[in-house]
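These notes concern the structure reproduced below.
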Amino acid sequence: MRILNRRTTRRLAWTAALPLVLFAAGPAAAGVGAGPAPAAAAHYSAVSLGGLGGDMTEAAKVNDNGVVVGFANLSARGASHAIVWNGGTLTDLTPTATNAGAVAINNNNEIIGTADGQAFFWAAGTMTNLGTLGGTGISPQAINNLGQVVGYGQTAGEVTHSFLWQYGQMTDLGSQCYATGINDNGVISGYYSNGLIHACLLDHGSFVDIGALLPDTRSTAAGINKYGQVVINTKPVDNPASGGPAVWQNGTVVHLPIPAGLTAVRATGINDLGQVTGYGVDATGFHPLLWDHGTTTDLSTRGLPTPPYTPGLAINNKGQIAATIVDDQNTNAFLFTPDAT
Numbered sequence: 390m391r392i393l394n395r396r397t398t399r400r401l402a403w404t405a406a407l408p409l410v411l412f413a414a415g416p417a418a419a420g421v422g423a424g425p426a427p428a429a430a431a432h433y434s435a436v437s438l439g440g441l442g443g444d445m446t447e448a449a450k451v452n453d454n455g456v457v458v459g460f461a462n463l464s465a466r467g468a469s470h471a472i473v474w475n476g477g478t479l480t481d482l483t484p485t486a487t488n489a490g491a492v493a494i495n496n497n498n499e500i501i502g503t504a505d506g507q508a509f510f511w512a513a514g515t516m517t518n519l520g521t522l523g524g525t526g527i528s529p530q531a532i533n534n535l536g537q538v539v540g541y542g543q544t545a546g547e548v549t550h551s552f553l554w555q556y557g558q559m560t561d562l563g564s565q566c567y568a569t570g571i572n573d574n575g576v577i578s579g580y581y582s583n584g585l586i587h588a589c590l591l592d593h594g595s596f597v598d599i600g601a602l603l604p605d606t607r608s609t610a611a612g613i614n615k616y617g618q619v620v621i622n623t624k625p626v627d628n629p630a631s632g633g634p635a636v637w638q639n640g641t642v643v644h645l646p647i648p649a650g651l652t653a654v655r656a657t658g659i660n661d662l663g664q665v666t667g668y669g670v671d672a673t674g675f676h677p678l679l680w681d682h683g684t685t686t687d688l689s690t691r692g693l694p695t696p697p698y699t700p701g702l703a704i705n706n707k708g709q710i711a712a713t714i715v716d717d718q719n720t721n722a723f724l725f726t727p728d729a730t
């Protein structure tokens with residue numbers, strides 16, 4: 390299984406590189422147990438992550454320290470390398486690779502990604518090969534603050550299974566739910582296919598079919614926070630355009646409001662305060678969105694630009710947003726920080 394190439398790196402970073410049909414993530418309802426979340430900032434300040442000399446830098450995730458991971462190429466349409474940006478310094482994590490990208494980071498600055506077809510775990514300057522499930526490769530998707538890594542890959546029989554990697558040990562989780570997220574309680578979110586793509590959970594061995602609550606609707610999960618809120622995106626079979634973001638919690642699905650005039654609305658990230666990032670499209674371009682305790686804010690009115698974005702924005706627990714913006718010539722990654730009020 391070829392894990393990465395220049396263009397599929399972006400899919401890994403933003404849409405979980407699903408081996409089946411993909412729809413993006415969905416937003417969450419009000420934060421649970423966290424108290425009131427701060428409202429959307431009046432304005433956000435932008436910092437460019439820079440690059441490695443090429444025409445493309447993309448952000449995948451941002452942790453609570455404001456450290457961003459992703460990938461950048463060395464020249465126009467050239468080799469891409471995994472990167473980490475920390476306090477204004479961009480570091481190449483895979484200087485000898487020809488195809489690499491970082492896909493996630495936890496609050497301990499532990500990073501996962503792939504390099505030349507091999508999955509890696511990076512911590513304090515040391516790169517560890519995650520191994521395989523016996524097949525040709527694996528695709529790491531998420532890491533929690535305990536250093537547990539989940540994803541999926543090929544078995545010796547070339548069947549796609551999920552995995553959990555922790556303390557240097559690889560565990561085959563089977564094919565019941567393809568893992569794309571994990572919270573600090575070890576609950577895993579993902580998707581499976583049984584005629585339709587359904588969002589699902591693996592809760593310490595127990596399987597939960599989230600999509601069963603949405604008849605005749607495709608759904609995928611793209612994130613889970615520490616309170617077990619799972620963000621999903623939905624597409625009804627008979628009317629795909631009517632789909633949109635939603636959140637599952639404790640057996641209930643709540644659909645998120647879609648701003649008037651926007652289409653193709655998707656959510657892309659959730660933090661522990663229940664704040665959700667996403668985007669929608671109209672004739673003027675892409676609009677970055679924030680759902681926050683029942684309120685939807687178009688972040689293009691708060692300092693974020695409206696040119697095309699790659700299909701994902703990531704948010705941390707401080708409300709910082711990592712995003713990738715495409716213009717006619719280049720793809721650039723930014724960290725947007727709420728201004729102090």
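This note's numbering numbers the first residue of the sequence shown as 390 and each following residue consecutively. Here a beta-carbon is modelled for each residue, glycine too, at the ideal position from N, C-alpha and C.
- E499 is positioned such that its CB atom lies closer than 8 Å to that of I532.
- Taken through DSSP and simplified to helix, strand or coil, L688 comes out as helix.
- Closest option to H593, judged by alpha-carbon separation, among R607, T549, T560, L585: T560.
- Between the stretch 433–445 and the stretch 634–647 there are fewer than three C-beta pairs closer than 8 Å, too few to call the two in contact.
- In this structure, R691 and A430 form a Cβ contact; the two beta carbons are roughly 6 Å apart against a cut-off of 8 Å.
- Beta-bridge partners of G612 (DSSP): V620.
- Per DSSP, reduced to three states, the secondary structure at A601 is helical.
- The DSSP-derived three-state label of A630 is helix.
- A Cβ-Cβ distance of about 6 Å is found for the pair L702 and P677, placing them in contact under the 8 Å criterion.
- About 13 Å separates the Cβ atoms of G667 and T652, ruling out a contact at the 8 Å cut-off.
- Residues R607 of the same chain have their beta carbon placed closer than 6 Å to that of L585, with the five preceding and five following residues left out of the count.
- Inside the stretch 526–580, DSSP marks whole beta strand (DSSP E) runs of 3 or more residues at positions 538–544, 549–555, 558–563, 567–571, from first to last along the chain.
- Shown here, A493 sits in a strand according to DSSP, grouped into three states.
- When only Cα atoms are considered, A568 and W554 end up about 12 Å apart.
- Per DSSP, the continuous beta strand (DSSP E) segment holding K450 begins and ends at 446–451.
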